[in-house]
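>
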Amino acid sequence: MIQIFQGSLALGTNALFDAMHRDRKRIFVDLLKWDVPVVEGRYEVDQFDDERAVYLVAPDSDGGHRGSIRLLASDGPHILGSVFPWLCEDDVPRSRHVFEISRGCLSPRLRAAERLQVRNALTTAAVEYALLHDIESFTCIADSGWLSQILSLGWDCWPLGLPVKIGRVLTGALKIDIGSDTLRKLREAGTYAPAQLIFAVQAEGVAA
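So in my numbering, spot 170 of the sequence shown is number 1045, and the numbers just go up one at a time.
1) Quick check on residue 1040: does DSSP put it in helix, strand or coil?
2) Hey, out of 1025, 993, 939, whose CA is closest to residue 976's CA?
3) Check the C-beta distance from residue 949 over to residue 1046 and give it rounded, since I have them as a contact under 8 Å.
4) Closer than 6 Å by C-beta to residue 1080: which residues in its own chain qualify, once you throw out the five before and the five after it? Chain order, please.
5) Going by DSSP in three states, residue 962 sits in which element: helix, strand or coil?
6) Run through DSSP, which three-state label would residue 1079 get?
7) Whose C-beta lies closer than 8 Å to the C-beta of residue 1083 among residues of the same chain, with five residues either side of it excluded?
8) Just list the residues that DSSP pairs residue 944 with in beta bridges.
9) Are the beta-carbon atoms of residue 880 and residue 930 separated by less than 8 Å?
10) How long is the line joining the alpha carbons of residue 923 and residue 952, rounded to whole angstroms?
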């Protein structure tokens, strides 16, 4: 099952949503040492976690967080367009039909095989969500470790510019085209992992 949250929730109003932000802090701040905001010393929440954001979240059997991604329409503020536009050789893709994938987070508690399973389920869910909502492309920013994984998933993926070194790692921007044949391409690549999509709740308040 993949739960879909339409809009950010105020911290303390949903246990799964809180668990996602705690794991984001463990991964991006504690492990990767990103210089990003932390709320109450426990939650990674940035300026793009607002009422526009869409979250695809994989829960475990106890309602805990296994993995998640955030989607942002590119015709409004988003990381590539607002923070890293220079990663694109040409103009940043901007359209209501183009969404950015960001904050891809897998729980640090997962074993290697589980990480692969959750990654594939979130990828499949993102494609299914795109097909349901007239999204024609995704953009994303990824370091060298994630770049190779994203490129190997089976979908049509194109670099938007040459990777550059940010901090200690090479980082690049990508555009992923979504069409009626994308799910078939995931199946052929062995990365298709269907999961029931559940629209969880509407935004009850923007996380601070």
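No residue lacks a Cβ here, since even glycine has one placed at the ideal position from N, Cα and C.
With the structure as the only source:
1) strand
2) Restricting attention to 1025, 993, 939, the CA atom closest to the CA of residue 976 is found in 1025.
3) Not really, about 18 Å apart at Cβ, beyond 8 Å.
4) Caution is warranted here: a pLDDT of 47 is assigned to residue 1080, below 50, making its placement in the model unreliable, and no coordinate value can be reported.
5) helix
6) Its pLDDT being 47, under 50, residue 1079 is placed unreliably by the model, and the measurement read from it follows with that caveat. If DSSP states are grouped into helix, strand and coil, residue 1079 belongs with coil.
7) Since pLDDT at residue 1083 reaches only 37, below the 50 mark, its modelled position is unreliable, and no value is offered.
8) 931
9) Residue 930 sits close to residue 880, with the two beta carbons spaced by under 8 Å.
10) 7 Å
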